[in-house]
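> Sharing a structure with you now.
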């Protein structure tokens with residue numbers, strides 16, 4: 015049987031309004047055959063959790079540009095775990111190299127830097143989904 | 220200076236009309252004071268202030284520049300954007316910039332401030348003082364400009380949704396330090412339309428937001444003649460993924476929309492249009508950018524004169540600030556961004572910018588470090604003082620390619636204006652509202668961005684260090700600016716202290732007065748807002764009072 | 004909850020106890036198709052049949068999502084527990100989709116369960132996930148279930164095959180009524196909404212619709228009971244019209260029951276789903292057969308002109324139709 019398309023929730027949490035990258039990734043994933051549940055701007059972690067439940071999403075993609083990633087990304091990971099959702103969090107945007115290790119330690123599955131190619135984005139999502147526990 | 224040598228080697232005497240044009244220009248040029256430098260090449264060859272046939276710089280439709288002498292009189296303002304941490308941190312950076320020869324201050328605010336929320340808002344956690352400075356109350360504004368004479372600096376404030384509140388704080392601070400309102404000089408971005416189209420930092424729905432903007436335009440037109448109340452900004456439209464012609468057309472259309480709104484509010488076009496200014500992006504395609512800048516001046520002049528009936532020539536001048544393209548900076552091999560920035564800055568100068576911000580090479584990864592910001596400023600100084608390009612106005616004018624490019628970009632922009640005009644049934648303002656409502660802008664920008672990205676992905680477009688020439692990157696080995704998390708703690712403490720010490724009854728009284736004025740469409744909200752900030756009402760409280768009247772905008776996400 | 008390790012029966016039990024992720028999982032299983040979807044259908048079938056099913060459709064930008072948000076408030080205030088299925092088209096080229104509808108529906112006050120479903124290029128137009136998903140939501144206790152689609156195409160007409168009450172949304176000054184008429188939506192609409200009634204031309208849009216309804220009366224396309232679809236004027240910006248819309252939905256529901264039309268509608272729905280399901284299985288079998296060695300031999304024979312096209316198709320489908 016053909017595998018059903020991957021379903022990915024894409025969101026930006028908090029005030030940060032830079033949605034160019036997120037929109038780009040939405041199109042890349044769509045063109046790779048994924049179903050993208052696009053939430054866009056000004057979401058809360060609670061709302062993302064509710065959407066992941068209802069949509070039975072395979073992954074959550076967040077994008078952060080305002081240096082708030084060290085606070086918000088671990089909070090998203092924790093909120094999903096508290097809701098008993100085994101869903102990888104993929105983080106894109108402006109993430110300095112030094113922050114990669116602490117974010118991975120906090121449970122972020124993949125970090126995609128600016129300028130990541132469509133192939134890289136899609137394969138990172140597929141790998142993260144495939145390797146979830 | 221070399222004015223008398225102008226006619227040498229030309230055949231102007233054969234063309235009486237051109238000769239007449241050139242004489243008019245020459246008169247204007249001769250009346251303009253010039254910088255005290257030698258206008259000659261580094262090898263000692265004297266050069267003329269302009270070459271080629273008219274229309275000349277400083278003459279309608281201003282394709283070749285807004286002043287007859289261009290940079291011979293005044294170099295562009297080297298305006299560097301700064302803002303991070305607490306107000307005192309930014310204040311220190313401001314003083315550093317002034318010491319280094321910077322000639323204007325430019326303030327970046329943090330996200331909560333830009334969104335009209337206080338530092339203690341639940342969403343603000345992790346964002347306070349991160350991407351800019353946090354300003355909650357007039358007390359923060361005092362710290363931000365401590366020891367700086369507001370009567371003697373030109374300040375640019377990049378804020379939109381709550382712009383009139385920050386403006387009110389700046390005015391209140393001037394009053395506290397006995398600086399006349401009329402002597403305040405600078406620019407507040409206050410361009411809400413592009414927020415719905417690109418940058419997404421909106422608070423209220425478009426129509427009430429437009430009212431706040433016309434209120435500020437009316438206020439500055441009578442009280443603050445040296446202030447630019449709106450900087451119509453294409454920068455963010457380009458950063459969001461648009462192409463050059465969309466950046467130009469959407470920005471100018473937004474400018475037309477502000478003009479229509481202010482005229483509808485009862486202002487005479489020549490009473491405010493001379494104070495409108497623009498803000499463009501300078502991207503990597505060199506001649507396309509130069510053509511875009513030249514087309515911008517020509518289109519604005521023609522529309523202001525022919526469509527809106529401006530009489531004052533100053534209303535027709537498209538003055539603009541330029542910033543190099545942040546989106547073009549790569550996180551891979553970040554050092555090479557210095558070269559990108561230099562070329563983009565050169566395009567901005569050859570395109571006749573009035574002021575320029577050069578990005579720091581490390582901005583793809585974080586806010587710039589002090590060293591990186593210094594290199595960016597030095598890049599402008601090299602262009603200004605070493606390359607000689609400031610000696611001659613519009614040095615690329617007359618090149619067949621550059622003239623064609625200018626015409627072509629203008630033609631493409633006119634197609635977009637025609638679409639908006641039709642959407643709005645003969646009103647650009649209504650067309651822009653309609654385009655916001657139906658997702659036209661957001662969709663068009665996203666399509667262009669994706670198109671470019673796909674070309675990069677497919678290798679049809681080369682981005683050096685990203686999809687070609689990738690050797691030599693040293694990830695992990697970078698010195699980035701880190702914002703101490705203590706900043707957030709300090710700011711919260713400061714806000715709590717201010718709130719505790721103020722007269723709560725006075726705050727509430729000022730806020731209800733403001734709400735009454737807001738509900739009255741013909742009232743101007745500025746005086747009540749100034750009174751509210753004097754009473755130490757927070758930005759968030761003022762926004763909440765206005766939201767109760769105006770409502771809150773939510774985007775209908777269009778892909 | 005470990006993925007893929009819980010049986011549909013157990014999932015349903017967890018879902019009925021209020022676990023929304025379990026509901027979400029059941030909906031995914033339905034969308035996945037095949038044996039597992041059959042199991043879910045078998046488990047949920049006996050528990051469903053009570054919920055009101057409302058289809059709502061109209062062109063992009065007509066304000067459906069805001070209208071739905073307002074309607075949800077009225078419905079929850081009436082003490083009901085609504086759910087929404089938002090249908091978006093899949094890309095025919097890549098099979099992917101951007102499901103951007105749910106974010107436009109404001110469910111902050113109502114806590115409504117919302118599920119986005121892509122059409123996944125289903126042969127029958129509307130994804131099988133929709134009737135199957137409706138059954139899951141019904142079995143779990145949601146009522147009413149609102150199905151929202153964008154556009155005025157085949158998918159939208161198919162929604163009406165699933166819904167008890169179909170609402171068609173039009174805007175002033177857009178010629179929506181004409182488009183809806185062309186797409187055949189006029190005949191299937193039980194209620195019309197002229198949304199954005201604050202805009203100029205709202206009365207004209209209403210008149211256009213009335214005119215078309217008059218016309219369908221003259222051509223004998225009207226409801227056999229003589230019921231004429233009401234036209235509700237709504238403004239989703241201030242929420243006006245949403246109470247009237249809900250009253251019209253309830254009235255239509257009562258009309259279906261009192262005239263016995265509800266039976267016919269549900270039979271038509273069962274038939275449509277059965278048709279879709281059977282078509283799916285036949286197509287799958289056909290795909291398999293045509294690419295088997297025997298199938299390829301038939302294709303070769305056809306290409307070599309050894310057999311006629313009719314003979315070829317007969318040979319191809321004979322073993323499929325003979326299957327038990």
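Protein chains in written order, with the numbering used here: chain A, 15 to 147; chain B, 220 to 778; chain C, 4 to 327. C-beta atoms are modelled at their ideal positions from N, C-alpha and C, and glycine is treated no differently.
By Cβ distance below 7 Å, which residues in the same chain neighbour residue 642 of chain B in space, the five residues on each side in sequence not counted?
If we look at residue 642 of chain B and ignore the five residues flanking it on each side, its Cβ neighbours are 650, 653 and 654.
> Would you say residue 450 of chain B and residue 404 of chain B are within 9 Å of each other, going by their C-beta atoms?
Their beta carbons are not under 9 Å apart, which means residue 450 of chain B does not touch residue 404 of chain B by this criterion.
> I'd like the list of long-range same chain contacts for residue 235 of chain C, defined as Cβ closer than 8 Å, with 5 residues on each side in sequence excluded.
Counting only Cβ-Cβ distances below 8 Å, and skipping sequence neighbours, we find 194, 195, 196, 197, 244, 247, 248 and 251.
> What residue from C/147, C/311 and C/255 has the CA that sits closest to residue 71 of chain C's CA?
Among C/147, C/311 and C/255, the Cα nearest to that of residue 71 of chain C is on C/147.
> Does the beta-carbon of residue 389 of chain B have 16 or more other beta-carbons within 10 angstroms, so that it is buried, or is it exposed?
Looking at its Cβ environment, which holds 16 or more other Cβ atoms inside 10 Å, residue 389 of chain B is buried.
> Quick check: the stretch 561 to 572 of chain B against the stretch 524 to 536 of chain B, are at least 3 beta-carbon pairs closer than 8 Å?
Touching, no.
> With respect to the beta strand (DSSP E) encompassing residue 681 of chain B, which residues constitute its N-terminal and C-terminal limits?
It is not in any beta strand (DSSP E) - residue 681 of chain B carries neither H nor E in the DSSP assignment.
> Residue 409 of chain B bridges to which residues according to DSSP?
Looking at the DSSP assignment, residue 409 of chain B forms no beta bridge with any residue, so it has no partner.
> Does the beta carbon of residue 54 of chain A sit closer than 9 Å to a beta carbon anywhere in chain B?
Output row for residue 54 of chain A: interface = yes.
> Relative to chain A, which residues along the stretch 648 to 680 of chain B have a C-beta separation below 7 Å, given in chain order?
Cβ contacts with chain A: 665, 668, 669, 672 and 676.
> List the residues of chain C that residue 133 of chain A touches, going by C-beta distances under 7 Å, in chain order.
Ordered by position in chain C, no residue passes the 7 Å Cβ test against residue 133 of chain A, which lies about 14 Å from the chain.
> For residue 76 of chain A, go through chain C and note every residue whose CB falls closer than 9 Å to its CB, in chain order.
Per Cβ cutoff of 9 Å: no residues; residue 76 of chain A is ~15 Å from chain C at best.
> Taking C-beta pairs closer than 8 Å, name the residues in chain C that residue 40 of chain A reaches, listed in chain order.
Those are 101, listed as they occur along chain C.
> Using three-state DSSP, classify residue 310 of chain B as helix, strand or coil.
In the structure shown, residue 310 of chain B sits in a helix (DSSP, three-state: H, G or I).
> I think residue 78 of chain A touches residue 672 of chain B, with their Cβ atoms under 8 Å apart; what is that distance to the nearest whole Å?
About 19 Å; that fails the 8 Å criterion.
> For residue 436 of chain B, is the classification buried or exposed, using 16 other Cβ atoms within 10 angstroms of its Cβ as the cut-off for buried?
With 16 or more other Cβ atoms within 10 Å, it is buried.
> Which residues, in order along the stretch 292 to 306 of chain C, keep a beta-carbon less than 8 Å from a beta-carbon of chain B?
Listed by position, the residues of the stretch 292 to 306 of chain C near chain B (Cβ gap below 8 Å) amount to none.
> Taking the beta carbon of residue 228 of chain C as the centre, do at least 16 other beta carbons fall within 10 Å, making it buried, or is it exposed?
Exposed is the call here.
> Taking 9 Å as the cut-off, decide whether the C-beta atoms of residue 256 of chain C and residue 208 of chain C are in contact.
Contact: no.
> At 9 Å on the CB atoms, spell out the chain B contacts of residue 61 of chain C, in chain order.
Residues of chain B passing the Cβ test: none, with the nearest at roughly 14 Å.
> Determine the chain A residues that contact residue 117 of chain C at a beta-carbon separation under 7 Å, and present them in chain order.
The answer, in chain order, is 68.
> For residue 745 of chain B, which residues in the same chain have their Cβ closer than 7 Å to its Cβ, ignoring the five residues on either side in sequence?
Counting only Cβ-Cβ distances below 7 Å, and skipping sequence neighbours, we find 383, 387, 434, 435 and 438.
> Per DSSP, residue 500 of chain B is paired with what?
Note: residue 500 of chain B sits in a beta bridge opposite B/542.
> Straight-line CA distance for residue 104 of chain C to residue 150 of chain C?
Residue 104 of chain C and residue 150 of chain C: Cα-Cα distance of roughly 12 Å.
> Starting from the beta carbon of residue 191 of chain C, find every residue of chain A whose beta carbon is closer than 7 Å, and list them in chain order.
Near residue 191 of chain C there are no residues of chain A at all, since even the closest Cβ is about 27 Å away, more than 7 Å.
> Between B/455, B/422 and B/406, which has its C-alpha nearest residue 323 of chain B's C-alpha?
Comparing Cα-Cα distances from residue 323 of chain B to each of B/455, B/422 and B/406, the minimum goes to B/406.
> Can you tell me which of A/46, A/51 and A/95 puts its alpha carbon nearest to the alpha carbon of residue 96 of chain C?
The option with the nearest alpha carbon to residue 96 of chain C is A/46.
> If contact means a Cβ-Cβ distance below 8 Å, which residues of the stretch 21 to 33 of chain C contact chain A?
For the stretch 21 to 33 of chain C, which is checked against every Cβ of chain A, the residues closer than 8 Å are 23, 24, 26, 27, 28, 30 and 31.
> Any contact between the stretch 673 to 685 of chain B and the stretch 53 to 72 of chain A? By contact I mean 3 or more CB pairs, one from each, below 8 Å.
The stretch 673 to 685 of chain B vs the stretch 53 to 72 of chain A: no contact.
> So, is residue 494 of chain B buried or exposed, given that buried needs 16 or more other C-beta atoms within 10 angstroms?
Classification for residue 494 of chain B: buried.
> Secondary structure at residue 327 of chain B, three-state DSSP: helix, strand or coil?
Three-state DSSP puts residue 327 of chain B in a strand.
> If we cut at 9 Å on Cβ distances, does residue 77 of chain C have a partner in chain A?
Cβ-Cβ to chain A under 9 Å: no for residue 77 of chain C.
> Starting from the C-beta of residue 546 of chain B, find all residues in its chain whose C-beta is less than 7 Å away, skip the five residues before and the five after it, and write them out in chain order.
The residues are 458.
> Would residue 469 of chain B and residue 660 of chain B be called neighbours here (beta carbons separated by less than 9 Å)?
Closer than 9 Å, so yes.
> Just the Cα atoms here: how many angstroms apart are residue 109 of chain A and residue 539 of chain B?
The alpha-carbon atoms of residue 109 of chain A and residue 539 of chain B are separated by roughly 32 Å.
> Closer than 8 Å between beta carbons: that is the criterion. Which residues of the stretch 417 to 436 of chain B meet it against chain A?
Listed in sequence order: 418, 419 and 420.
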